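Chains as they are written, first to last, in the UniProt record's numbering: chain A, 1 to 71; chain B, 1 to 245. Think of the CB as a built atom: it goes at the ideal place given N, C-alpha and C, for glycine as much as any other residue. Model, not experiment: these values are computed from the prediction. What follows is a short report on a single structure.
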């Protein structure tokens, strides 16, 4: 099965570094480094971080442009 | 090309970021409310959001709709007044548990008696977060707060029994169960007559910190482990979430 790929867009003005996305990501795609949320390019577009982000700071673009629902 | 989040049209996006603490669940409820409004295609003109005072009370100001930020505990009377004045409006109350059940408890009792057609979304974080973490009517037994340093000894209020006594709609969910919470809100918005959706929300700064949680994620996992979905029952136990129609 081919892996889905996602592109992560982080709105740094909205992000409060609460760390929910860092912990909830199943592939450890996020890291908080020097008071900034960093993305490591391993996104599989499961959309968990986008759905649980309390500050609407994350938007995931999928390869095929579809909003893949999970769970 | 960045995908546009269409439900954000219900929010005043220039006011973001919200002023809530990092890890607070109020943002999740705000987002879910917008998604429910979008799913039901609520018109921007003709929907009113009312809120009281407190952390959760700030949420009405973020909506790109007509919104009222009222006195402490008086969100329901104002909402009832709006509904009486113009029956065509969809009136939604979004407020906290201290506001709706503590200070405004009497109003909830009488609104459910009159069965006014308003939808109440209660952000129940079981704490008075804005004033530093005093215990609220929904704080669980044994929970450690600022005013109950050796554990809460008072039983929490039974909202379910209060609402069901007048045959109104009651639903309970948590911020971890996003789909379920959204379903609760959609059903509550669809219901004709008074509907009450209680969303259990994490407060990490003033509640979770004292109870030994490190961050908001741990509190979300606490909800995952401790609450079970039960949609086929007429009465929910304290550790169950579901819809009691």
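- Counting along the chain, residue 188 of chain B sits inside the alpha helix (DSSP H) bounded by residues 178–190.
- Annotation: residue 186 of chain B to residue 227 of chain B spans about 20 Å, alpha carbon to alpha carbon.
- Taking a contact as a CB-CB distance under 8 Å, the pair residue 112 of chain B and residue 162 of chain B counts as one, their CB atoms being some 7 Å apart.
- For residue 27 of chain B, the closest Cβ of chain A is nearer than 7 Å.
- The continuous beta strand (DSSP E) containing residue 170 of chain B extends over residues 169–174.
- Secondary structure remark: continuous beta strand (DSSP E) runs of at least 3 residues inside the stretch 49–77 of chain B, in chain order: 66–69.
- In the three-state reduction of the DSSP assignment, residue 143 of chain B falls in the coil class.
- Using a Cβ-Cβ cut-off of 7 Å, residue 18 of chain A counts as an interface residue toward chain B, since at least one Cβ of chain B sits closer than that to its own.
- Residue 54 of chain A belongs to the set of residues whose beta carbon lies under 7 Å from a beta carbon in chain B.
- When secondary structure is reduced to three states using DSSP, residue 224 of chain B falls in the helix class.
- For a Cβ distance threshold of 8 Å, residue set 18, 19, 20, 23 of chain A lies close to residue 215 of chain B, ordered along the chain.
- Within the stretch 4–15 of chain A, the residues whose Cβ lies closer than 9 Å to some Cβ of chain B are 7, 9, 11, 13, 14, 15, listed in chain order.
- Considered as a whole, the stretch 101–170 of chain B harbours 105–114, 159–164 as its complete alpha helix (DSSP H) runs of no fewer than 4 residues, in chain order.
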